[in-house]
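In full-length UniProt numbering, the protein residues as written are 1 to 261.
Cβ coordinates follow ideal geometry from the N, Cα and C atoms, glycine included.
Model, not experiment: these values are computed from the prediction.
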């Protein structure tokens, strides 16, 4: 999701922080799973290499033993073996092994207990035939083990590729994208906080200016009222002074009237 398509809100920030935490935990778990699969993968590869070396030698020994048995029995006895089929002495069963959540098919060989008791080589070479049977039996058991290892190797290789793709996707795509979205939301929220702070600062300044104007108006009204009271006091004082002068003028006129006949 593009950062431009995310609403820069607190809820979105908390949601993406939770997603980022889950992605990091998933990355750690997948990394541990990948390490466990790599260790098992290397172990299986080593076992396959060693078993192939052993089987190469065992195959040569088994074929050589077959040749010796054919010489001692005085002829090819494969026809007699094919004419008298018996239940297999070695069988294979399958089970699953769980490695870090990956189910690996495992093949195991087991003996049925039905040993072949034929009359091949009674005249001579019976011991060589028995040795040949034992060598081929061991070779078949190793062959089943090799098939199990190679099947597990292929399954492990596919699981390891899928796990590594998921690890790389989380490390290089998902986690950086979520971190980018969180960074974008934080920047937008910081910008909104700065805008709110500037808006509140302007509101406070306007309120202070209005309070200052109101206080100045109150001061002017108080000064005007005081001046008015002063003027009224002076007028009252002047009125009182004017009454006294009139009485003195009347007194002077009476005196002058007394002097002049």
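From the DSSP output, in three-state form, read off residue i for me.
| i | result |
| --- | --- |
| residue 112 | coil |
| residue 86 | coil |
| residue 173 | helix |
| residue 62 | helix |
| residue 96 | strand |
| residue 6 | coil |
| residue 260 | With a pLDDT of only 46 at residue 260, under 50, the local geometry of the prediction cannot be trusted, and no value is derived from it. |
| residue 121 | Low local confidence applies: a pLDDT of 49 at residue 121 is under 50, so the model's placement there is unreliable, and no value is given. |
| residue 19 | helix |
Counting only the same chain and skipping the five closest in sequence on each side, list residues whose C-beta sits under 6 angstroms from that of residue i.
| i | result |
| --- | --- |
| residue 131 | 65 |
| residue 149 | 44, 47, 48 |
| residue 58 | 139 |
| residue 95 | 106 |
| residue 152 | 44, 104 |
| residue 93 | 108 |
Starting from the C-beta of residue i, find all residues in its chain whose C-beta is less than 8 angstroms away, skip the five residues before and the five after it, and write them out in chain order.
| i | result |
| --- | --- |
| residue 55 | 139, 142, 143, 146 |
| residue 36 | 99, 100 |
| residue 197 | none |
| residue 10 | 189 |
Could you check whether residue j and residue i sit closer than 8 angstroms to each other, using their CB atoms as the reference points?
| i | j | result |
| --- | --- | --- |
| residue 129 | residue 109 | no |
| residue 170 | residue 26 | yes |
| residue 185 | residue 13 | yes |
| residue 137 | residue 61 | no |
| residue 40 | residue 106 | no |
| residue 17 | residue 182 | yes |
| residue 88 | residue 112 | yes |
| residue 262 | residue 102 | Outside the modelled stretch of the chain, which goes from 1 to 261, sits residue 262, for which no answer is possible. |
| residue 8 | residue 227 | no |
Considering Cα atoms alone, identify which of the options is closest to residue i.
| i | options | result |
| --- | --- | --- |
| residue 164 | 19, 20, 7, 38 | 38 |
| residue 104 | 5, 154, 88 | 154 |
| residue 21 | 68, 178, 86 | 178 |
| residue 6 | 215, 187, 28, 209 | 187 |
| residue 133 | 214, 24, 203, 69 | 69 |
By Cβ distance below 7 angstroms, which residues in the same chain neighbour residue i in space, the five residues on each side in sequence not counted?
| i | result |
| --- | --- |
| residue 166 | 30 |
| residue 223 | none |
| residue 213 | none |
Please report whether the beta-carbon of residue i lies at a distance below 8 angstroms from any beta-carbon of chain D.
| i | result |
| --- | --- |
| residue 167 | In the structure shown, chain D cannot be found, because there is only a single protein chain. |
(request) At 3 residues or longer, and completely inside the segment 124-193: list those beta strand (DSSP E) runs for me, N to C. (result) none
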